[in-house]
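Undergrad:
Protein chains in written order, with the numbering used here: chain A, 198 to 367; chain B, 13 to 284.
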């Protein structure tokens with residue numbers, strides 16, 4: 198018969214002496230005695246903490262209830278539910294991730310226009326070294342320089358501005 | 013030994029004489045650059061004398077004293093002389109510019125030279141005839157004479173300037189026509205040899221010829237605008253601006269034609 202522990206929950210009454218090492222061990226001059234002492238203190242501290250977090254059902258009719266606050270069956274159910282919950286969450290994350298991966302449009306790699314222009318190597322004709330052609334080329338270049346240098350307007354020789362209004366009338 | 017001394021003396025004298033001779037200005041030494049410097053100097057002198065004239069004129073009109081009248085007379089005389097010198101040196105510079113610019117039409121040049129050669133002596137004579145003593149009214153009369161002459165000469169000034177600009181355009185056009193003739197001959201030779209397709213080259217030649225023809229048309233238009241008779245000073249200036257604009261258009265066509273010529277030669281150098 199399970200104990201109705203929700204109404205009879207009590208702070209555990211664990212005595213310090215029951216978990217502390219016996220006093221007969223303390224005076225030994227052994228170098229390990231100090232270590233033992235420290236370990237004992239740690240253990241006592243831990244048991245204190247445990248006492249604060251655990252519950253114990255009040256014994257009915259002076260009998261001792263060995264079970265903690267939550268029964269093992271309930272623990273199992275909670276564990277199963279938690280495991281199922283975690284599994285479902287994990288599955289959901291995995292499914293969402295896979296779906297998003299499928300739907301994500303492929304980033305089209307913009308085709309960069311190639312910086313290199315195709316240089317078509319043309320074969321020189323036999324006129325490339327022709328004397329007349331070379332002379333024409335030189336003449337055209339010289340003329341081009343002359344055209345770009347020359348300003349056809351003669352700005353320096355615009356007619357002078359002179360005063361012809363000579364009179365001595367007020 | 014008898015002839016050695018005179019020979020050495022002659023040699024030394026020749027050496028000494030030659031630098032002196034070389035410094036003597038000859039007509040060929042007097043070019044546009046020198047004439048232009050001359051014009052700038054006289055123009056500067058004129059500006060100074062004109063400032064003096066303005067100053068002494070206002071003093072005379074204010075005080076009407078004999079002293080202020082004397083000062084006004086001298087300042088006006090100096091200004092009129094400097095003004096004549098400025099016009100004379102301007103015409104000389106213009107003449108030399110016409111003479112030195114390649115491409116100016118020979119007949120056109122001769123007509124302009126004749127006109128300029130009549131005007132330069134007129135201003136020299138006018139300057140020399142200005143009385144060193146007289147009345148202010150005499151100087152006003154002399155100034156008005158020069159004014160009439162100068163205004164009558166204005167179309168000549170602008171006509172000469174247009175001929176200089178037109179000469180530059182014509183020079184480039186004639187050079188391009190020469191090159192075009194050589195190119196045509198070369199293309200004909202290539203066609204005969206049959207080692208290159210000349211169709212593209214011939215088409216480009218036509219495009220180049222078109223540019224040159226358009227340039228010629230603009231040149232003709234420019235001279236038509238300027239050659240209107242009996243232009244006043246103001247009209248001459250306006251006509252010159254319009255004519256110059258057309259010449260600039262003509263020059264632009266020639267620039268493009270030259271660029272085409274360069275492309276044709278470039279294409280000729282490569283095989284099909």
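Glycine included, each C-beta is placed from N, C-alpha and C at the ideal position.
These numbers come from a predicted model, not from an experiment.
1) Tell me, please, whether the stretch 337-356 of chain A touches the stretch 125-141 of chain B by the rule of three or more beta-carbon pairs shorter than 8 Å.
2) Could you give the DSSP three-state label for residue 232/A: helix, strand or coil?
3) Taking the C-alpha atoms as reference points, what is the distance between residue 297/A and residue 269/A?
4) Looking at the C-beta of residue 298/A, does it have a partner C-beta in chain B at a distance below 7 Å?
5) For residue 234/B, count neighbouring Cβ atoms within 10 angstroms of its own Cβ and tell me buried if that reaches 16, exposed if not.
6) Can you tell me where the alpha helix (DSSP H) holding residue 144/B begins and where it ends?
7) Pull up the distance between the alpha-carbon of residue 320/A and that of residue 208/B, whole angstroms please.
8) Kindly list, in the order they appear in chain B, the residues whose Cβ is closer than 7 Å to that of residue 334/A.
9) Would residue 217/B pass as a contact of residue 210/B if the rule is Cβ separation under 7 Å?
10) So, for residue 342/A: in the same chain, excluding its five sequence neighbours on each side, which residues have a beta-carbon less than 7 Å away from its beta-carbon?
11) Let me make sure I understand the geometry here. Which of 101/B, 82/B, 84/B and 72/B has the alpha-carbon closest to that of residue 55/B?
12) So with Cβ pairs under 7 Å, would you call residue 320/A a contact of chain B?
13) Any beta carbon of chain B sitting closer than 7 Å to that of residue 369/A?
14) Taking only the alpha-carbon atoms, compute the straight-line gap between residue 239/B and residue 171/B and give it to the nearest angstrom.
15) Quick check: is the beta carbon of residue 328/A nearer than 7 Å to any beta carbon in chain B?
16) Just checking: is the beta-carbon of residue 43/B within a distance shorter than 7 Å of some beta-carbon in chain A?
17) Between residue 282/B and residue 193/B, what straight-line distance do the alpha-carbon atoms span, to the nearest angstrom?
18) Using 7 Å as the limit for Cβ to Cβ distance, is residue 184/B near chain A?
19) Give the C-beta separation of residue 98/B and residue 151/B to the nearest angstrom, bearing in mind that I take them to be a contact with Cβ-Cβ under 8 Å.
20) Can the beta-carbon of residue 227/B be found less than 7 Å from the beta-carbon of residue 262/B?
21) Could you name the residues of the same chain whose beta carbon sits closer than 7 Å to that of residue 314/A, not counting the 5 residues immediately before and after it, in chain order?
22) Against chain A, which members of the stretch 67-100 of chain B pass a CB distance test of less than 8 Å?
23) Is residue 256/B helix, strand or coil by DSSP?
TA: In brief:
1) No, the stretch 337-356 of chain A is not in contact with the stretch 125-141 of chain B.
2) Position 35 of the first chain, counting from 1, holds the residue named residue 232/A. Reduced to three states, the DSSP call for residue 232/A is helix.
3) Along the first chain, one-based indexing puts residue 297/A at 100. Along the first chain, one-based indexing puts residue 269/A at 72. The C-alpha of residue 269/A is placed about 41 Å away from the C-alpha of residue 297/A.
4) Along the first chain, read from residue 1 onward, the residue named residue 298/A stands at position 101. For residue 298/A, the nearest beta carbon of chain B is not closer than 7 Å to its own beta carbon.
5) The residue you call residue 234/B lines up with position 222 of the second chain. Classification for residue 234/B: buried.
6) Within the second chain, the letter at position 132 stands for residue 144/B. In the DSSP assignment, residue 144/B falls outside any alpha helix (DSSP H), carrying neither H nor E.
7) The residue given as residue 320/A occupies position 123 in the first chain. The residue given as residue 208/B occupies position 196 in the second chain. Cα-Cα distance, rounded: 12 Å.
8) In the first chain, residue 334/A corresponds to position 137, counting from 1. Ordered by position in chain B, the residues that pass the 7 Å Cβ test against residue 334/A are 277.
9) Walking along the second chain from the start, residue 217/B turns up at place 205. Walking along the second chain from the start, residue 210/B turns up at place 198. Not closer than 7 Å, so no.
10) Locating residue 342/A in the first chain gives position 145, counting from the first residue. Nothing listed; no residue qualifies.
11) To locate residue 55/B, count along the second chain from 1; it is residue 43. With distances taken between Cα atoms, residue 55/B lies closest to 101/B.
12) Translated into the one-based positions of the first chain, residue 320/A becomes position 123. Yes, residue 320/A counts as interfacial toward chain B.
13) Coverage of chain A is limited to positions 198 through 367, which leaves residue 369/A absent and any answer about it impossible.
14) On the second chain, residue 239/B is found 227 positions in, with the first residue counted as 1. On the second chain, residue 171/B is found 159 positions in, with the first residue counted as 1. Answer to the nearest angstrom: the Cα atoms are 8 Å apart.
15) Taking the first chain and counting its residues from 1, one reaches residue 328/A at position 131. Interface residue (Cβ-Cβ distance to chain B less than 7 Å): residue 328/A is not classified as such.
16) Here residue 43/B corresponds to residue number 31 of the second chain, with the count starting at 1. Closer than 7 Å: no.
17) Along the second chain, one-based indexing puts residue 282/B at 270. Along the second chain, one-based indexing puts residue 193/B at 181. Between the alpha carbons of residue 282/B and residue 193/B lies a distance of about 20 Å.
18) Working through the second chain from its first residue, we reach residue 184/B at position 172. At least one CB atom of chain A sits nearer than 7 Å to the CB of residue 184/B.
19) Taking the first residue of the second chain as 1, we reach residue 98/B at position 86. Taking the first residue of the second chain as 1, we reach residue 151/B at position 139. Actually they do not touch by this definition, with Cβ atoms about 17 Å apart.
20) By 1-based counting over the second chain, the position of residue 227/B is 215. By 1-based counting over the second chain, the position of residue 262/B is 250. Taking C-beta atoms as the reference points, residue 227/B and residue 262/B count as a pair closer than 7 Å.
21) Looking up residue 314/A in the first chain gives position 117. Excluding residues within five positions, none has a Cβ falling inside 7 Å.
22) Listed by position, the residues of the stretch 67-100 of chain B near chain A (Cβ gap below 8 Å) are 69, 72, 73, 84, 88, 91, 92, 95, 98 and 99.
23) Position 244 of the second chain, counted from the first residue, corresponds to residue 256/B. Look at residue 256/B here: in three-state DSSP terms it is helix.
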